[in-house]
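Protein chains in written order, with our numbering: chain A, 1 to 262; chain B, 1001 to 1292.
Comments concern the structure below.
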Amino acid sequence: MKIAIASGKGGTGNLDCDVEEPNGHLFLNPVISKTETAGIPVPVIDESKCAACGECVRFCQYRALVRLGKIVMVFPELCHGCGGCMLICPHKAITEQNREIGSVEIGMAGKADFVQGRLNVGEAMSPPLIRKVLEHATDDAINIIDAPPGTSCPVITSVRNADFTVLVTEPTPFGLNDLGLALDMVCDMAMPHGVVVNRTESKATSARDFCEERGEDILAEIPDDRRIAEVYSSGKIICDALPVYERCFSAIWTGIRKRIQV
Amino acid sequence: MKEIVIISGKGGTGKTSLTASFASLAAGRSVMADCDVDAADLHLILKPEIRQKTVFRSGHKATIRLEKCIGCGACLAYCRFGAVVIHNKGTESATFNVDPVACEGCGTCVRFCPVRAIDFPEQACGEWYVSDTRFGPLVHAKLGISAENSGKLVTLLRNEARTIAGKKSLDYIIIDGSPGIGCPVIASLTASSLALIVTEPTVSGDHDLRRIAQLTRQLRVPAMICINKWDINPEISGGIRRFAEVEGFDFAGLIRYGSAATDAQRAGKAVVECEERGMAEDIRAVWNNIKD
């Protein structure tokens, strides 16, 4: 079973498919036993065979191939690795070579398996790396996926095959606006989901009102407590350092189980 | 004309709240661009009046015309993104379909379908706007659900903001960037005059700061660092200051923790519009450090 933790807005409290800014290791202190590189296949042009006919240049949707006079140049950072240019080249002048875009770190955090992707700085494209991280999910275990913020390709790649998505928000205008976008996304993909409100204040009902209006139920609320911010800041797990909040987090888990009946 | 991009690496460190305050402090002399296109929030404070609306089209997606499809499976074999899926697999009514969410629009299946049963329409990915606000013009956008190409949209917004700044001879372009270090962030940083990195003194804020700082180096964009909520962990804040010093990043200032940012947000205002002292004082000091 796969459970994804996501939020439209960054910094609302989701703890990794956040390969651009992976942080899970900072809290879970895993022992990494293996690191695999992740890459995408990019074209290499054999100049002795290339006739600079421009077929591949016209075909490439990402403008990763450019013809300059009698040579065709490859811009690997724009390439998505579809392989189409290699198939289309009438002179069989294109082969592929793996280009590393990041790495997958595999290890153990306590008794749990831990997998994290780390995108190389300067790389624009994270989905291929996220797919590689998700290949490590196992069917018979509970897989917790920490998704990056936002609603575009990196998030969708992370949550698309999850059995349940937890959307974390906070009761502020920014938090709720972004929750709305995230809800549009999971509803559009018809994904089972629930909302967790972080940093709630007893007087502020905005998140409850918002969820009621959208017909969403709230799995749990986590109070606004400076102690939580301080515990988090030093990289500790909130339940360990502040046992009073254990009930909050077990409520999330109970809520998920009830909704997907496991 | 100075183009300042506010970025953070980690989300939720206060980029948009700061951008709104800077917009207020530079009112009448700046144009703003909300380049956090997949979770845009700046409009909640700036309350734009939309003057111009344009559909953003970018990229294509494959769709299989079922009545022409002969079920040969060539598309399934060619697709490297797992986007071709079989509905009702193993039955007589099995059909090949493209999952639009997974399709990256490469066109390989379209080109190699033996019966030309695959269409390749251009996608409407969202809308972008030129608006007026109480602080000056704002260029912003709404990316469609599950839409791609946010990097291209960011580039488009920045170009539009530059055109406006040129036409109106404005001193500043203030850009609210997106979190992370991927495609939209690279698109908002490239060739700008200054990146202001907003971080927070948490182990994750500190970790992400190092990655975004490295990115600004790679792109050769001058960068300054400021710490928001600095007092929740003075020790890590000290570490961040030392990092800035050792690595040669100018330090833009410290902003204290407090409810002023959330209160201002709930009132639909910039922090510096709500109060004179406290957090507003800190933010003004940061602005004075980055504006010249």
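Heads up, the beta-carbon is just placed ideally off N, CA and C, and yes, glycines get one too.
Original post:
Relative to the C-alpha of G1073/B, which residue among W1287/B, I1086/B and A1033/B is closest?
Top reply: Here residue 1073/B is taken as the residue at index 73 of the second sequence, counted from 1. Nearest of W1287/B, I1086/B and A1033/B to G1073/B, Cα basis: I1086/B.
**OP:** Taking the CB atoms as reference points, tell me whether I252/A and V1101/B lie closer together than 7 angstroms.
**Re:** Walking along the first sequence from the start, residue 252/A turns up at place 252. Walking along the second sequence from the start, residue 1101/B turns up at place 101. For I252/A and V1101/B, no; Cβs fall outside 7 angstroms.
**OP:** Alpha carbon to alpha carbon, how far is P1137/B from R58/A? Give it in angstroms, no decimals.
**Re:** One-based indexing of the first sequence puts residue 58/A at position 58. One-based indexing of the second sequence puts residue 1137/B at position 137. Their Cα atoms are separated by approximately 38 angstroms.
**OP:** Apply the 10 Å Cβ neighbour rule to D1206/B and answer buried if 16 or more other Cβ atoms are within range, or exposed otherwise.
**Re:** For this step, residue 1206/B is matched to residue 206 along the second sequence. Its Cβ being crowded by 16 or more others within 10 Å, D1206/B is buried.
**OP:** Keeping to the same chain, check which residues put their C-beta closer than 7 angstroms to that of I101/A; ignore five residues upstream and five downstream.
**Re:** Numbered from its first residue, the first sequence carries residue 101/A at position 101. Closer than 7 angstroms at the Cβ level, and outside the excluded window around I101/A, lie A38, G39, I40, L119, N120, E123, M125, P128 and L129.
Original post:
Does the beta carbon of A229/A come closer than 7 angstroms to any beta carbon on chain B?
Top reply: Within the first sequence, the letter at position 229 stands for residue 229/A. Yes, A229/A counts as interfacial toward chain B.
Original post:
Distance, Cα to Cα, L134/A vs K1269/B?
Top reply: Here residue 134/A corresponds to residue number 134 of the first sequence, with the count starting at 1. Here residue 1269/B corresponds to residue number 269 of the second sequence, with the count starting at 1. Whole-angstrom Cα-Cα distance: 41 angstroms.
Original post:
For S250/A, which of A220/A, Q261/A, K236/A and V168/A has the nearest alpha-carbon?
Top reply: Your numbering for residue 250/A matches position 250 in the first sequence. The shortest Cα separation from S250/A among A220/A, Q261/A, K236/A and V168/A belongs to A220/A.
Subject >> Residues that N1233/B contacts on chain A, provided the C-beta gap is smaller than 9 angstroms >> reply: Locating residue 1233/B in the second sequence gives position 233, counting from the first residue. Those are A229, E230, S233 and S234, listed as they occur along chain A.
Original post:
For the region 61-118 of chain A, which segments carrying the alpha helix (DSSP H) assignment without a break, of at least 4 residues, lie completely within its bounds, in sequence order?
Top reply: 84-88
Original post:
What are the uninterrupted segments assigned as alpha helix (DSSP H) that are 4 or more residues long and contained completely in the region 1047-1134 of chain B, given in chain order?
Top reply: The qualifying runs are 1074-1078 and 1108-1112.
Original post:
By DSSP, does Y1257/B sit in helix, in strand, or in coil?
Top reply: The residue given as residue 1257/B occupies position 257 in the second sequence. The answer is coil: DSSP assigns Y1257/B none of H, G, I, E or B.
Subject >> Completely contained alpha helix (DSSP H) runs for the region 203-231 of chain A, where each covers 4 or more residues >> reply: 206-213
**OP:** On a CA-only basis, which of I1174/B, C1103/B and K1053/B is nearest T1026/B? Give me that one, please.
**Re:** Position 26 of the second sequence holds residue 1026/B. Note that residue 1026/B corresponds to Ala in the displayed sequence, not to Thr. The shortest Cα separation from A1026/B among I1174/B, C1103/B and K1053/B belongs to I1174/B.
Original post:
If you draw a straight line from the C-alpha of C50/A to the C-alpha of A1244/B, how long is it?
Top reply: Along the first sequence, read from residue 1 onward, the residue named residue 50/A stands at position 50. Along the second sequence, read from residue 1 onward, the residue named residue 1244/B stands at position 244. Cα to Cα, the separation comes out at about 49 angstroms.
Original post:
Mind checking whether D1292/B and D1176/B have CB atoms under 7 angstroms apart?
Top reply: Here residue 1292/B corresponds to residue number 292 of the second sequence, with the count starting at 1. Here residue 1176/B corresponds to residue number 176 of the second sequence, with the count starting at 1. Their beta carbons are not under 7 angstroms apart, which means D1292/B does not touch D1176/B by this criterion.
**OP:** Report yes or no: do the region 235-251 of chain A and the region 1162-1171 of chain B share at least 3 C-beta pairs separated by less than 8 angstroms?
**Re:** no
**OP:** Could you pull out every residue in the same chain whose Cβ sits closer than 8 angstroms to the Cβ of I1186/B, ignoring the five residues on either side in sequence?
**Re:** The residue labelled residue 1186/B in the question sits at position 186 within the second sequence. Excluding positions up to five away in sequence, the list reads G1151, L1215 and L1219.
Original post:
What residues from chain A crowd round V1286/B, counting only those whose CB sits closer than 7 angstroms?
Top reply: Residue mapping note: residue 1286/B aligns to position 286 of the second sequence, counting from 1. Simply none; closest approach about 19 angstroms.
**OP:** Taking only the alpha-carbon atoms, compute the straight-line gap between N14/A and I88/A and give it to the nearest angstrom.
**Re:** Position 14 of the first sequence, counted from the first residue, corresponds to residue 14/A. Position 88 of the first sequence, counted from the first residue, corresponds to residue 88/A. Any reading at N14/A is ruled out, since the residue's pLDDT is 47, under 50, leaving its predicted position unreliable.
Original post:
Is S1178/B near V1005/B, with beta carbons less than 7 angstroms apart?
Top reply: On the second sequence, position 178 is the one that residue 1178/B refers to. On the second sequence, position 5 is the one that residue 1005/B refers to. Result no, Cβ atoms of S1178/B and V1005/B do not sit closer than 7 angstroms.
**OP:** Rank K1229/B, V1084/B and A1267/B by C-alpha distance to the C-alpha of N1097/B and give the top, closest one.
**Re:** As a working mapping, residue 1097/B is identified with position 97 in the second sequence. Checking every option, the nearest Cα to that of N1097/B belongs to V1084/B.
Original post:
When you compare each of R247/A, F210/A and S233/A to P223/A by their alpha carbons, which one comes out closest?
Top reply: Locating residue 223/A in the first sequence gives position 223, where the first residue counts as 1. Ranking the options by Cα distance to P223/A, first place goes to R247/A.
Original post:
For G1278/B, which of helix, strand or coil comes out of DSSP?
Top reply: As a working mapping, residue 1278/B is identified with position 278 in the second sequence. Taken through DSSP and simplified to helix, strand or coil, G1278/B comes out as coil.
Subject >> Backbone secondary structure at N14/A - three-state DSSP >> reply: Within the first sequence, the letter at position 14 stands for residue 14/A. Only weak support is given to the placement of N14/A: the predicted model assigns it a pLDDT of 47, under 50, and the value that follows is read from those uncertain coordinates. Residue state, collapsed to three classes: coil.
**OP:** Taking 7 angstroms as the cut-off, decide whether the C-beta atoms of H1060/B and H1140/B are in contact.
**Re:** The count along the second sequence starts at 1 and reaches residue 1060/B at position 60. The count along the second sequence starts at 1 and reaches residue 1140/B at position 140. Not in contact: H1060/B and H1140/B (Cβ atoms no closer than 7 angstroms).
Original post:
Can you tell which of E36/A, K34/A, F164/A and C53/A has the C-alpha that lies nearest to the C-alpha of I3/A?
Top reply: Position 3 of the first sequence, counting from 1, holds the residue named residue 3/A. Here the closest residue by C-alpha is F164/A.
Original post:
Counting along the chain, where does the alpha helix (DSSP H) carrying I1236/B start and finish?
Top reply: The sequence position of residue 1236/B within the second sequence is 236, counting from 1. In this chain, the alpha helix (DSSP H) harbouring I1236/B covers P1234 to E1247.
Original post:
For the beta strand (DSSP E) that V168/A lies in, which residues bound it at each end?
Top reply: Sequence index remark: in the first sequence, residue 168/A carries index 168 (1-based). Residues F164 to T169.
Subject >> Below-7 angstroms beta-carbon distance, N14/A vs any chain B residue >> reply: One-based indexing of the first sequence puts residue 14/A at position 14. In this prediction, N14/A has a pLDDT of 47, which is less than 50 and means its spatial position is unreliable; what the coordinates show is noted afterwards. By this cut-off, N14/A is not an interface position.
Subject >> Cβ shell of A1161/B (< 6 angstroms), same chain only, five flanking positions each side left out >> reply: As a position in the second sequence, residue 1161/B is number 161, starting the count at 1. Result list for A1161/B: V1031, A1033, V1139 and I1173, in chain order.
Original post:
A1062/B and C1103/B look like a contact to me (Cβ under 8 angstroms); what is the Cβ gap, rounded to whole Å?
Top reply: Numbered from 1 along the second sequence, position 62 holds the residue referred to as residue 1062/B. Numbered from 1 along the second sequence, position 103 holds the residue referred to as residue 1103/B. Confirmed, Cβ separation roughly 6 angstroms.
**OP:** Flag this pair as yes or no: are the beta carbons of L1046/B and T1133/B separated by less than 7 angstroms?
**Re:** By one-based count along the second sequence, residue 1046/B stands at place 46. By one-based count along the second sequence, residue 1133/B stands at place 133. For L1046/B and T1133/B, yes; Cβs fall inside 7 angstroms.
Original post:
Nearest chain B C-beta to G215/A closer than 7 angstroms, yes or no?
Top reply: Indexing the first sequence from 1 puts residue 215/A at position 215. Closer than 7 angstroms: no.
**OP:** Give the single residue among V42/A, E47/A, H25/A and T172/A whose Cα lies nearest to the Cα of I106/A.
**Re:** One-based indexing of the first sequence puts residue 106/A at position 106. Nearest option by C-alpha distance: H25/A.
Original post:
Distance, Cα to Cα, T1013/B vs R1256/B?
Top reply: By 1-based counting over the second sequence, the position of residue 1013/B is 13. By 1-based counting over the second sequence, the position of residue 1256/B is 256. The alpha-carbon atoms of T1013/B and R1256/B are separated by roughly 12 angstroms.
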